[in-house]
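Chains as they are written, first to last, in my numbering: chain A, 1 to 100; chain B, 1 to 627.
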Amino acid sequence: MKTTFKEENQTYVMSFEGRLDTAASSQVEKEMQVLYNCEGHDIVLDCNQLTYISSSGLRLFLGLIKNCRPKGSHVYLTGLNDDLRQVFDETGFTTLFELL
Amino acid sequence: MNKSDKLSSIVVLVIAALLLELTTAVQYLSTRSSITSQVTEMAQRDLSETNHTAQLKEEVENVIAQALPDIERLTARGDVDSVNLIIYNLLSHHSQIVGIDYVDVVGEDGERNGIFIFKENEEDEYTKQTIDFDYTQRSWYYKAIDSDGFWSEPYMSNYKVILMCTFSRAVRDAQGNSVAILGADIPLRELSALATQLYDNQHRGLIPIILLHVLGLMLLGFIIYRSINNAKRLQAIGAEKERIANELTIASNIQQAMLPKIFPPFPERKDIDIYAELTPAREVGGDYYDFFIRNEKLFFCIGDVSGKGVPAALVMAVARSVFRMLSEHESAPERILSQMNDSMARDNDYNMFITLFIGVLDLPTGRLRYCNAGHKAPLIDGEMLPIIPNLPVGALGEFKFAVQEKMIDSGSTLFLYTDGLTEAENAINEQFGEGRMLKTYTEALATDPAPKHLIDQMTDAVHEFVGPTTQSDDLTMLAIRYFHPQVEENLKRSLTLPCDTSQTPRLSEWVEEICETLELSPSATMQTNLAIEEAVVNVMNYAYPKGSQGEVEIKAVANDKRVKFKIIDSGQPFDPTTRGEVDTTLSAEDRTIGGLGIHLIRSYMDTINYERVDGKNILTLRKNIKH
């Protein structure tokens, strides 16, 4: 699992590449900390290269939303493939995020 | 009371009233006549004792004697008018004479002729009346013929309401023969007054009688009024009875709807065949049975509430709901019974209890876990299943129920029943009994092992035994036939991992290889991968206490129809299937972190089944393979 972070015009963009399974989740959790200081910024989670996500990964995403929404930030998801879209639908997570 | 009853009652009452009136009238008339005769008797006695009367008599005799010669002379001449004049004269001069009769003596021809002149009232008015009755029988007539005068006894005048005596003399011709009789009527005024008084009294007596009659009629009226009211009340009671009967019918339908009634209930399944029948003794009853399949386990129960009818039916309805609710989250029969018991023993003012038998049959393996609560032992393989009786549910709170286990052979039939079967009585109070039941069970299964056949045969046997007597208790039967699933496996794999979540890539690799061999689509592969990862990670996180090392084993078998994964660990008992459902509609703020894993497993696997066997947790996940 590889994550890439960049900042563009008051927006944080994090790209995910590979499989976000339980093993990878502890590492990704650390890498996502940088998104938590989101005052004044919106967040885009780029999932174009994401091939797999399990519940541990979903928990990370949920934790992000619980932190940043109250601060006024939008959290966007983009690039979900069909299979992953289905996972988000099944767990009701599609309603939590704004999709691009 | 229907119309004809009412009519006949009224007719009876009217006839009774008429008879009453008739009796009263007859009594009145007879009393009147007896009083009259008594008074007459009294008058006769008094007459002979009164001086005044004697004087009167002498005066009258003289008056008549003086007038007689003239009358005889005029009679011989046939001058009736002059005779009349004399009579008028006599009457006007002698006030004590109130009337004078002048009658012909009756000859051989029998012809009667006579007149009676009398003072009508206190004025000087006289009325001449032709005598129209047979006077020949009167004493004043026949006694006067051959005498010099006769005083009659007091008698009642024909023409007035007075008692009087008549002094009569014969009117003779020149030869001395009697040609007519002249009679002077003298009223016995004192007696007459008495008589009138008596009549007045009698008239006065009339008013109380009338009052009594009015009272009697009022009483009658009251009785009729009450009868009509009673009739209305009976009608209302009839209507009420009908309403209750209707409500009982509806209650019976509702109760029947609570029982699984569609047979066969799981036609697509090859591992189970079930049939059941319940006949309540009254419209509603306290027997019940229930069964359903959850996570590849068959939950079933049969029960008998103490008592019959509506009270038992109410307790039964509660028990059924509680059983269903508890078995949503609980697979251990002893825990289900224990919680049912605590909940029912709590609010049990009437000490109602239920005998119950609960079984949980694991369909893939044939392992039956069962728990009995005071109920009769079921039959299996030609004998009674060994049971620990425990106590009925609701009898004693906090009771610890003991659970039992048995492996069911493929093809065996479990037969459950209530005591309405074994205690069914015939006309001479013999019971059907366990012996006959066991015999019928064995014979029926020998002919045709289907559950429906067994129950039909048992029903026929009971009906034949009982004969035409009414059914005294609810009759309930449930038969379950089990077949061990036979499956050919053409893939068998196994993997053991330490409890370390960093091992998930190894797991993924293993799963994906299996999926590739089975030629699953990329989506199906991803779903399978996800489900297995969630299940295994669950075990890694929760099965073993922190710090200790444990292992988790994953076994996979597959055939044409499905792939089956078994996740096995030796950690503490943990059943992930009983965790509550995740609510995926909540907002971010309200969502909790936990529960997602099990949710994904349920979404992506076709069946999920948990068993605790020999100190191990076994979670079985199955996915159907579509080709």
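Positions of the beta carbon are idealized from the N, C-alpha and C atoms, including for glycine.
*Using a Cβ cut-off of 8 Å, which residues of the stretch 491 to 518 of chain B contact any Cβ in chain A, in chain order?*
T501, S502, Q503, T504, P505, S508
*Residues in the stretch 289 to 308 of chain B with C-beta within 8 Å of chain A's C-beta atoms, listed in sequence order?*
none
*B/D146 to B/V80, Cα distance in whole Å?*
In the second sequence, counting from the first residue as 1, residue 146 of chain B sits at position 146. In the second sequence, counting from the first residue as 1, residue 80 of chain B sits at position 80. Between B/D146 and B/V80, the C-alpha separation is close to 23 Å.
*Check B/A556 in the structure and name its three-state DSSP category.*
Counting from one through the second sequence, the residue named residue 556 of chain B turns up at place 556. B/A556 falls in the strand class under three-state DSSP.
_My output table needs one value for B/F118: the three-state DSSP class, helix, strand or coil._
Along the second sequence, one-based indexing puts residue 118 of chain B at 118. Looking at B/F118 - three-state DSSP - the assignment turns out to be strand.
*Rounded C-alpha distance that separates B/V318 from B/Y544*: Within the second sequence, residue 318 of chain B is the residue found at index 318, counting from 1. Within the second sequence, residue 544 of chain B is the residue found at index 544, counting from 1. Going by the C-alpha atoms only, they are around 39 Å apart.
*Taking one C-beta from the stretch 7 to 19 of chain A and one from the stretch 43 to 51 of chain A each time, how about it: are there three or more such pairs within less than 8 Å?*
yes
*asked:* Quick check: what's the CA-CA separation for B/I428 versus B/V466?
replied: Taking the first residue of the second sequence as position 1, residue 428 of chain B is located at position 428. Taking the first residue of the second sequence as position 1, residue 466 of chain B is located at position 466. Each residue's Cα considered, the two are about 9 Å apart.
*Proximity below 7 Å, CB of B/L518 to CB of B/V487*: Start at 1 with the first residue of the second sequence, and residue 518 of chain B comes out as number 518. Start at 1 with the first residue of the second sequence, and residue 487 of chain B comes out as number 487. Not a contact, by the Cβ cut-off of 7 Å.
_beta strand (DSSP E) segment containing B/Q431, residue limits_ = Looking up residue 431 of chain B in the second sequence gives position 431. No beta strand (DSSP E) holds B/Q431; DSSP gives it neither H nor E.
_Nearest to B/T413 (by Cα), restricted to the options B/P451, B/T447, B/N426_ = Here residue 413 of chain B corresponds to residue number 413 of the second sequence, with the count starting at 1. Comparing Cα positions, the closest option is B/P451.
_With three or more beta-carbon pairs closer than 8 Å as the criterion, would you say the stretch 266 to 278 of chain B touches the stretch 469 to 488 of chain B?_
yes
*Kindly say whether A/E150, judged by its beta-carbon, lies nearer than 7 Å to any beta-carbon of chain B.*
Past the boundaries of the shown model lies residue 150 of chain A; chain A is included only from 1 to 100, so the question cannot be answered.
*Determine whether the Cβ of B/S523 lies closer than 7 Å to any Cβ atom of chain A.*
Here residue 523 of chain B refers to the residue found at position 523 when the second sequence is read from its first residue. At least one chain A Cβ lies under 7 Å of B/S523.
*Using 10 angstroms around the beta-carbon of B/I64, count the other beta-carbons present and answer buried if the total reaches 16, otherwise exposed.*
In the second sequence, the residue the question calls residue 64 of chain B occupies position 64. Buried.
*Three or more beta-carbon pairs under 8 Å between the stretch 491 to 510 of chain B and the stretch 60 to 76 of chain A, yes or no?*
no
*In chain order, what residues of the stretch 42 to 57 of chain A put their CB closer than 9 Å to some CB of chain B?*
T51, Y52, I53, S54, S55, S56
*Whole angstroms is fine: what's the gap from B/L191's alpha carbon to B/Q55's?*
Here the question's residue 191 of chain B lines up with position 191 in the second sequence. Here the question's residue 55 of chain B lines up with position 55 in the second sequence. Confidence in B/L191 is poor, its pLDDT being 44 and thus under 50, which makes the residue's placement unreliable; the coordinate value appears in the next sentence. C-alpha separation (whole angstroms): 16 Å.
*Put B/E398 into one of helix, strand or coil per three-state DSSP.*
Here the question's residue 398 of chain B lines up with position 398 in the second sequence. Residue state, collapsed to three classes: coil.
*For B/A345, which residues from the same chain have a beta carbon less than 6 Å from its beta carbon, with the 5 sequence-adjacent residues on both sides left out?*
As a first step, residue 345 of chain B must be located in the second sequence, where it is residue number 345. G394, G397, listed in sequence order.
_Within chain A, partners of B/G597 - CB distance below 7 Å_ = As a working mapping, residue 597 of chain B is identified with position 597 in the second sequence. Within chain A, the residues near B/G597 are S55.
*Under 7 Å between C-beta atoms, does A/T11 make it to chain B?*
In the first sequence, residue 11 of chain A corresponds to position 11, counting from 1. Not an interface residue.
*Shorter than 7 Å from the beta carbon of B/M526 to some beta carbon of chain A?*
The count along the second sequence starts at 1 and reaches residue 526 of chain B at position 526. At least one chain A Cβ lies under 7 Å of B/M526.
*For the stretch 276 to 306 of chain B, which segments carrying the beta strand (DSSP E) assignment without a break, of at least 3 residues, lie completely within its bounds, in sequence order?*
287 to 294, 297 to 305
*Measure the C-alpha to C-alpha separation of B/Y441 and B/Y604 and round it to an integer number of angstroms.*
Walking along the second sequence from the start, residue 441 of chain B turns up at place 441. Walking along the second sequence from the start, residue 604 of chain B turns up at place 604. Straight-line Cα distance between these residues: approximately 44 Å.
*asked:* If contacts are defined as beta-carbon pairs under 8 Å, then B/L298 and B/L385 qualify, I think. What distance do you get, rounded to the angstrom?
replied: By one-based count along the second sequence, residue 298 of chain B stands at place 298. By one-based count along the second sequence, residue 385 of chain B stands at place 385. About 16 Å separates the two Cβ atoms, so there is no contact after all.
_Neighbour-count burial assignment, B/Y350, 16 or more Cβ in a 10 Å radius_ = Stepping through the second sequence from its first residue, residue 350 of chain B is reached at position 350. Under this definition B/Y350 is an exposed residue.
*Using a beta-carbon distance below 7 Å, is B/L530 in contact with chain A?*
Residue 530 of chain B sits at position 530 when you count from the first residue of the second sequence. At least one chain A Cβ lies under 7 Å of B/L530.
*Comparing the C-beta of B/V537 with each C-beta of chain A, is any distance below 7 Å?*
Numbered from its first residue, the second sequence carries residue 537 of chain B at position 537. Answer yes: the Cβ-Cβ gap between B/V537 and chain A drops below 7 Å somewhere.
*Measuring only between beta-carbons, confirm whether B/E533 sits less than 7 Å from chain A.*
Residue numbering aside, residue 533 of chain B sits at position 533 when the second sequence is read from its first letter. For B/E533, the answer is yes, since a Cβ of chain A falls inside 7 Å of its Cβ.
*Across which residues does DSSP place A/G18 in a beta bridge pair?*
Sequence index remark: in the first sequence, residue 18 of chain A carries index 18 (1-based). The partner list for A/G18 (beta bridge, DSSP) reads A/L50.
_For the ligand ZN, I want to know if B/H599 counts as a neighbour, meaning its beta carbon is within less than 6 Å of at least one of the ligand's heavy atoms._
Looking for the ligand ZN in the displayed structure turns up nothing, as the structure carries no ligands at all.
*My guess is that B/A535 and B/I601 are in contact by the Cβ rule of under 8 Å, so how many angstroms apart are they, rounded?*
Taking the first residue of the second sequence as position 1, residue 535 of chain B is located at position 535. Taking the first residue of the second sequence as position 1, residue 601 of chain B is located at position 601. Rounded, the Cβ-Cβ distance is 6 Å, consistent with contact.
*Do the stretch 332 to 346 of chain B and the stretch 415 to 433 of chain B make contact, defined as three or more Cβ pairs closer than 8 Å?*
no
*Check the DSSP bridge columns for B/S178 and list the partner residues they point to.*
Locating residue 178 of chain B in the second sequence gives position 178, where the first residue counts as 1. For B/S178, which the question treats as bridged, DSSP gives the partners B/R172.
_DSSP-derived helix/strand/coil call for B/R112_ = Indexing the second sequence from 1 puts residue 112 of chain B at position 112. Note: B/R112 maps to coil in three-state DSSP.
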